[in-house]
Amino acid sequence: MNYLNIKEEELLPVVIELNTLLAEYHLYYQKLRNFHWNILGQNFFDLHEQFETMYMDAREKIDEIAERILTLRYHPMSNLSAYLKTGTIEESTGKKTDREMIGEILKAHSILLKQMSKVVKKANEVGDEGTIDLIGAYIRQLEKTSWMLNAWNKEKNGELKTATII
Numbered sequence: 001m002n003y004l005n006i007k008e009e010e011l012l013p014v015v016i017e018l019n020t021l022l023a024e025y026h027l028y029y030q031k032l033r034n035f036h037w038n039i040l041g042q043n044f045f046d047l048h049e050q051f052e053t054m055y056m057d058a059r060e061k062i063d064e065i066a067e068r069i070l071t072l073r074y075h076p077m078s079n080l081s082a083y084l085k086t087g088t089i090e091e092s093t094g095k096k097t098d099r100e101m102i103g104e105i106l107k108a109h110s111i112l113l114k115q116m117s118k119v120v121k122k123a124n125e126v127g128d129e130g131t132i133d134l135i136g137a138y139i140r141q142l143e144k145t146s147w148m149l150n151a152w153n154k155e156k157n158g159e160l161k162t163a164t165i166i
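Position 31 of the sequence shown, counting from 1, maps to 31 under the UniProt record's numbering, and the rest follow consecutively.
The structure is reproduced here in structure tokens:
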């Protein structure tokens, strides 16, 4: 039974992009675990807890992405070697300052957001509303998290742009 009302062959490009996103999320998850374990300094308590919150969220998204691929009637990528070949988020050493860690996470967010846009584009081309809805929520949440981390990483006297309506 075709419960999706989308031709299976039309879904292949969506699944390819979802598997790439799955690979990126696995690499991101491991980066967060690494930083959670290795954070030092006066921001230890705040960042140790923040990194844990973030990797728990990433773990949930990994499962949801894999289940979406299964819903589309394909097998999700499930080998670490495949994630490393497919993903572009780089592994990190744990020997970084808190600001360097946040900088690397923001770089990973940029990669994730670009990949999410690719998924949405392919899903939109075939009318895959379920994938669009899932990934759209991820985009909104990751943009907000990026804004907060970027604000944390700014100098206290930093400023934002001003927009005025006349």
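Even glycine gets a Cβ: it sits at the ideal position worked out from N, Cα and C.
The structure displayed is predicted, hence computed values, not measured ones.
Could you check if F44 is buried or exposed, using at least 16 other CB atoms within 10 Å of its CB as the buried criterion?
Reading the sequence shown from its first residue, position 44 is the one you call residue 44. With fewer than 16 other Cβ atoms within 10 Å, it is exposed.
Own chain partners of M59 with C-beta closer than 7 Å, once the 5 adjacent residues on each side are dropped
Mapped onto the sequence shown, residue 59 falls at position 59. The displayed chain sequence assigns Arg, not Met, to residue 59. Contacts found: Y29.
State the Cα-Cα distance for the pair G41 and D98, rounded to the nearest angstrom.
Position 41 of the sequence shown holds residue 41. Position 98 of the sequence shown holds residue 98. Looking at the two C-alpha atoms, the distance is approximately 8 Å.
From the DSSP output, in three-state form, read off T20 for me.
Counting from one through the sequence shown, the residue named residue 20 turns up at place 20. T20: helix per DSSP, three-state reduction.
Using 7 Å as the threshold, is the C-beta distance between A123 and V15 below it?
For this step, residue 123 is matched to residue 123 along the sequence shown. For this step, residue 15 is matched to residue 15 along the sequence shown. No, the pair does not count as a contact, with Cβ atoms beyond the cut-off.
Three CB pairs or more closer than 8 Å across the stretch 133-153 and the stretch 105-119:
yes
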